[in-house]
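Under UniProt numbering, the residues of the sequence shown are numbered 1 to 92, in order.
Note that CB positions come from ideal geometry on N, CA and C, so glycine has one too.
Source: prediction; values computed, not measured.
Data first, discussion second: the structure below is written as structure tokens.
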Amino acid sequence: MVSTPSSARAVPSAHVIRSFHPDYALPTGGHRIALAFRQESPEAVDDLYSRLTAVGYEGVVEPWDAFWGQRYATALTPDGNAVDLFAVLPSH
Numbered sequence: 001m002v003s004t005p006s007s008a009r010a011v012p013s014a015h016v017i018r019s020f021h022p023d024y025a026l027p028t029g030g031h032r033i034a035l036a037f038r039q040e041s042p043e044a045v046d047d048l049y050s051r052l053t054a055v056g057y058e059g060v061v062e063p064w065d066a067f068w069g070q071r072y073a074t075a076l077t078p079d080g081n082a083v084d085l086f087a088v089l090p091s092h
């Protein structure tokens, strides 16, 4: 179990996802849901990503500074569901 100070829910359409991930394709055999968890700081994104991958989550997108003003990362749970981690960058 990994604790986070807060969370957020979003259900973006494939069209919205393709606006920042042009090669996105609807899943055919993997996850159909992604859970996004807001962190208190960009450093917290890095820390939680490291903790998740250390306990068996597959790292998919290492933490990076996204063009929309967030530190962002994605890992997959052992059963293939996406876990997105994000925090607002100080410059935004």
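Inset, instruction - Taking the CB atoms as reference points, tell me whether SER41 and ALA87 lie closer together than 8 Å. - result: Along the sequence shown, read from residue 1 onward, the residue named residue 41 stands at position 41. Along the sequence shown, read from residue 1 onward, the residue named residue 87 stands at position 87. The Cβ atoms of SER41 and ALA87 lie closer than 8 Å to each other.
Inset, instruction - State the DSSP-derived secondary structure class of GLU62, mapped to helix, strand or coil. - result: Here residue 62 refers to the residue found at position 62 when the sequence shown is read from its first residue. Strand, per DSSP.
Inset, instruction - Pull up the distance between the alpha-carbon of HIS15 and that of ARG71, whole angstroms please. - result: The residue you call residue 15 lines up with position 15 of the sequence shown. The residue you call residue 71 lines up with position 71 of the sequence shown. Between HIS15 and ARG71, the C-alpha separation is close to 22 Å.
Inset, instruction - Indicate the three-state DSSP secondary structure (helix, strand or coil) for ASP84 in the structure shown. - result: For the purposes of this step, residue 84 is identified with residue 84 of the sequence shown, where counting begins at 1. Strand.
Inset, instruction - Tell me whether SER3 sits in a helix, a strand or coil according to DSSP, three-state version. - result: The residue you call residue 3 lines up with position 3 of the sequence shown. With a pLDDT of 49 at SER3, under the threshold of 50, the modelled position of that residue is not reliable, and no figure is offered here.
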